[in-house]
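Heads up: the sequence shown begins at 156 in this note's numbering, then just goes up one per residue.
The structure appears right after this line, and notes come after that.
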Amino acid sequence: MLVRLGFADIAETEAALVALGVWQDGRPADEPAAELVTAAADAADPDLAVTALSRLLEAVDDPDELRAAVCGRAGFRARLLGVLGTSVALGEHLVAHPADWHTLVDDDQLQVRPSRFGLTSQLLAAVGAPADEPLPWGTGGARATLPTGQAVERLRAAYRRCLLSLAARDVVGAVSVEEVGGELADLASATLTAGLAVALTSLAEDAAPCRLAVIGMGKAGGRELNYVSDVDVVFVAEPLDESDDDAALRTATRLAAEMMRVCGLVAWPVDAGLRPEGGAGPLVRTLASHTAYYRRWAQTWEFQALLKARPMAGDIALGEDFTSMTAPMVWSVGTRKGFVEDVQAMRRRVESTLPADRADREVKLGKGGLRDVEFAVQLLQLVHGRTDETVRSPTTLEALQQLADGGYVGREDARHLAEAYRWLRTVEHRLQLHRLRRTHLLPAADDEQGIRRVARAAGYRKDAVATFTRERAGYGREVRRLHEKLFYRPLLSAVARLPADQASLTPAAAKERLEALGFASPAIALQHLSALTEGVSRRAAIQQTLLPAMLGWFADAADPDAGLLAFRQVSDALGSTPWYLRLLRDEGSAAQRLAQLLASSRLISDLLVRAPDAVRLLADDAALQPRDRAALESAFVATVRRRDDWEGAVVAARGLRREELLRVACADLLGLVDQEQVGTALSDVAGAVLAAALVTAVRKVESERRGELPVRLAVIAMGRLGGGEQGYGSDADVLFVHDALPGVPEGEATAAASQIG
Numbered sequence: 156m157l158v159r160l161g162f163a164d165i166a167e168t169e170a171a172l173v174a175l176g177v178w179q180d181g182r183p184a185d186e187p188a189a190e191l192v193t194a195a196a197d198a199a200d201p202d203l204a205v206t207a208l209s210r211l212l213e214a215v216d217d218p219d220e221l222r223a224a225v226c227g228r229a230g231f232r233a234r235l236l237g238v239l240g241t242s243v244a245l246g247e248h249l250v251a252h253p254a255d256w257h258t259l260v261d262d263d264q265l266q267v268r269p270s271r272f273g274l275t276s277q278l279l280a281a282v283g284a285p286a287d288e289p290l291p292w293g294t295g296g297a298r299a300t301l302p303t304g305q306a307v308e309r310l311r312a313a314y315r316r317c318l319l320s321l322a323a324r325d326v327v328g329a330v331s332v333e334e335v336g337g338e339l340a341d342l343a344s345a346t347l348t349a350g351l352a353v354a355l356t357s358l359a360e361d362a363a364p365c366r367l368a369v370i371g372m373g374k375a376g377g378r379e380l381n382y383v384s385d386v387d388v389v390f391v392a393e394p395l396d397e398s399d400d401d402a403a404l405r406t407a408t409r410l411a412a413e414m415m416r417v418c419g420l421v422a423w424p425v426d427a428g429l430r431p432e433g434g435a436g437p438l439v440r441t442l443a444s445h446t447a448y449y450r451r452w453a454q455t456w457e458f459q460a461l462l463k464a465r466p467m468a469g470d471i472a473l474g475e476d477f478t479s480m481t482a483p484m485v486w487s488v489g490t491r492k493g494f495v496e497d498v499q500a501m502r503r504r505v506e507s508t509l510p511a512d513r514a515d516r517e518v519k520l521g522k523g524g525l526r527d528v529e530f531a532v533q534l535l536q537l538v539h540g541r542t543d544e545t546v547r548s549p550t551t552l553e554a555l556q557q558l559a560d561g562g563y564v565g566r567e568d569a570r571h572l573a574e575a576y577r578w579l580r581t582v583e584h585r586l587q588l589h590r591l592r593r594t595h596l597l598p599a600a601d602d603e604q605g606i607r608r609v610a611r612a613a614g615y616r617k618d619a620v621a622t623f624t625r626e627r628a629g630y631g632r633e634v635r636r637l638h639e640k641l642f643y644r645p646l647l648s649a650v651a652r653l654p655a656d657q658a659s660l661t662p663a664a665a666k667e668r669l670e671a672l673g674f675a676s677p678a679i680a681l682q683h684l685s686a687l688t689e690g691v692s693r694r695a696a697i698q699q700t701l702l703p704a705m706l707g708w709f710a711d712a713a714d715p716d717a718g719l720l721a722f723r724q725v726s727d728a729l730g731s732t733p734w735y736l737r738l739l740r741d742e743g744s745a746a747q748r749l750a751q752l753l754a755s756s757r758l759i760s761d762l763l764v765r766a767p768d769a770v771r772l773l774a775d776d777a778a779l780q781p782r783d784r785a786a787l788e789s790a791f792v793a794t795v796r797r798r799d800d801w802e803g804a805v806v807a808a809r810g811l812r813r814e815e816l817l818r819v820a821c822a823d824l825l826g827l828v829d830q831e832q833v834g835t836a837l838s839d840v841a842g843a844v845l846a847a848a849l850v851t852a853v854r855k856v857e858s859e860r861r862g863e864l865p866v867r868l869a870v871i872a873m874g875r876l877g878g879g880e881q882g883y884g885s886d887a888d889v890l891f892v893h894d895a896l897p898g899v900p901e902g903e904a905t906a907a908a909s910q911i912g
């Protein structure tokens, strides 16, 4: 039975079940015992769940109480065995603190997510900080009353108790990935606050008073923290009242260093490496010192890091002053020369540092991993967030949704990215929960037992290893594809280079820019812009993203006014189609090519307005290559043969001719073909048109004559057409030759041939 249920170490598991009092004679002792065994079998590691429960039963003061709760309360049973079968570390915590199993009993209480204030109150109480005093804000506020060693021990136990509660809700699917990250960030804030309360006890009585703010960065700042992760921070301090600046900074530095030490002993390292000058700079700075550094010395990556900055502990008002100071610099960094290229290069450097034997196992830093999503989202935010405050969320999934709502990312792309990101974060959480160690590395391909454990922890049951491995590969490919599509989008560099007032299409800014760019009729051009961007539709939102960059591309060509008019006409014809604006926003240099072509060639403009679907060609160099004569003739003849009436055949052939002329003209103007190839291609198109026209005429005349033609026909190309040197405006010079079929009088043959010509 145990083998069938998925247990592996039968002897040890049976012994543990016997010790639990739920196994007799090779089977469950009763119905509640059977439910317990079934619940254990559903854990990520069934054997671990049972042996850990057995150890816990030995450690508790009242084994009968625990046994009765496990057998009699389904919700508690699922949570406890879920945790014990997923996390060795939390199982060991329960054995060391056996009373903590009561934390998981109350179904109703566990349905309510603890608040940041509630978590902070719990952890401050653990170190003996008075509940009636303000939270520690520097040298003031509540401080621990326990000796430091005892305070650290009790704080560690309280932290693990809060972690246990969250993990139990997580493994049974009661909380989302976003809620897990947010609660872990709140727990980190509470831990930093309690750590500061402990640190206060280390100060000398005559320490200079100060205010101290702890700024969360990275995942902690974005409220998307992992179970085990460094907590990235920056410290800001100010003297209190008229205190000496240097003395106040010395006090603040001692406080910060001690708080870091305490939190490292309790939960995780506190990393201040993102501060100005990194490890070479002072641990704590004043607001003025931070301001001076960021204005003069900060590099692009530092502003990218500040995107997620938020006050987490200490003097929150001072922390808000810090984020208010940095925000304008964060949202203007996109205008820096080479900004987009710098961020792209930074991502490539991260990838290049991964050892080859680990790259495919990395769910965070590897290709198709979490960083691919995060870098793409942050780059889009920093480019478009300059002028659109609605896309500035520090939380990845929320920011991704904002970008989709604003039209900067396709809805389907955003949905696929969000789904993959949630999957990757779930796997990352399960990897870390196992031993509460910082890791983002999947087990090696030959470690089937390790992969099975992770897969089952992530919710896979039937064919867990194979299904997990297949979906891991699928999510990785999709994330990488969308990362490259969004992260290396040419439009980003073009928009980033625009000053903020030009990247926003307000009427005043647009009119001023149109005049500066050299549009001959700015007022008329402004009307076109208004028509394209007015309203709150998704179509208008995407046009508002495209047009600031496209205006410059129109202006670089011969006739920007004509180009903008043609763009409006093409957009009106295609605007309701789902692919058109998505192609211009997402696919390579299609938008830039379209602007260049429409503003450079009246022929191309006219052809595109009459055959707007051909815009698709601009996304693919291969699609713009002229087709050979045989392929063209086959396509034209097949097109006319599909029509029963000759008028319809003519219309269809004209449409195909426009598309083929457009293909050649676009390739010509974009420099993808030389002039000899242009002449050959145009001659081939003309030849294919003549072949289709001949087929259509023969079908029409034969229908009228009610019989086959009594003559053979040939069309002989002459002049530039015959020489393969046709131009865009060239006539098709030809000779018609006929020959009567055997037994047909010459006069009859000539009359029939004349009907064709």
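Even glycine gets a Cβ: it sits at the ideal position worked out from N, Cα and C.
A quick note: this is a predicted structure, and the numbers were derived from the prediction, not measured.
Buried versus exposed, by CB contacts within 10 Å (16 or more), residue i
i: glutamate 397; result: exposed
i: glutamate 583; result: buried
i: threonine 481; result: buried
i: glutamate 338; result: buried
i: alanine 610; result: buried
i: proline 302; result: exposed
i: glutamine 459; result: buried
i: valine 892; result: exposed
Residue i vs residue j beta-carbon contact at 9 angstroms
i: glutamate 379; j: leucine 552; result: yes
i: alanine 312; j: valine 353; result: no
i: aspartate 216; j: alanine 251; result: no
i: threonine 594; j: glutamine 604; result: no
i: leucine 191; j: arginine 232; result: yes
i: alanine 908; j: aspartate 888; result: no
i: threonine 346; j: valine 421; result: yes
i: tryptophan 456; j: aspartate 497; result: yes
i: alanine 746; j: histidine 638; result: no
i: arginine 324; j: arginine 430; result: no
Distance cut-off 8 angstroms: residue i Cβ against heavy atoms of the ligand HEM
i: isoleucine 165; result: Absence of the ligand HEM from the depicted structure is noted, as is the absence of any ligand whatsoever, leaving it without description.
Where residue i falls: helix, strand or coil (DSSP)
i: arginine 784; result: helix
i: methionine 467; result: strand
i: valine 293; result: According to the sequence shown, residue 293 is glycine rather than valine. Residue state, collapsed to three classes: strand.
i: proline 437; result: coil
i: arginine 179; result: Reading the sequence as shown, one finds glutamine at residue 179 and not arginine. Note: glutamine 179 maps to strand in three-state DSSP.
i: aspartate 768; result: helix
i: valine 899; result: coil
i: glutamate 517; result: strand
i: valine 425; result: strand
i: leucine 596; result: strand
Other residues of its chain near residue i: CB distance less than 7 angstroms, five sequence neighbours each side excluded
i: alanine 846; result: Glu788, Phe791 and Val792
i: leucine 811; result: Ala790, Phe791 and Thr794
i: glutamine 557; result: Thr545, Val546 and Ser548
i: valine 853; result: Leu864 and Ile911
Terminal residues of the beta strand (DSSP E) in which residue i lies
i: glutamate 868; result: According to the sequence shown, residue 868 is leucine rather than glutamate. Element bounds for leucine 868: 866-872.
i: phenylalanine 390; result: 386-394
i: valine 889; result: 889-895
i: valine 369; result: 365-371
Opening and closing residue of the alpha helix (DSSP H) in which residue i lies
i: phenylalanine 231; result: 229-241
i: leucine 637; result: 619-642
i: proline 201; result: 201-214
i: tyrosine 449; result: 442-451
i: threonine 300; result: From DSSP, threonine 300 is part of no alpha helix (DSSP H); its letter is neither H nor E.
i: proline 549; result: From DSSP, proline 549 is part of no alpha helix (DSSP H); its letter is neither H nor E.
i: glutamine 266; result: Glutamine 266 -> no alpha helix (DSSP H), and no H or E assigned at all.
i: histidine 571; result: 566-590
i: threonine 455; result: 455-461
Close-in-space but distant-in-sequence residues of the same chain around residue i (CB under 8 angstroms, 5 per side omitted)
i: arginine 526; result: Arg502, Val505, Lys519 and Leu520
i: glutamate 857; result: Glu863 and Leu864
Own chain, CB closer than 6 angstroms to residue i, minus 5 neighbours either side, in chain order
i: threonine 575; result: Here residue 575 turns out to be alanine, not threonine, going by the sequence shown. Once the five neighbours on either side are set aside, the close Cβ partners of alanine 575 are Tyr630, Glu633 and Val634.
i: leucine 817; result: Leu762 and Ala769
i: arginine 580; result: Val332
i: phenylalanine 722; result: Leu753
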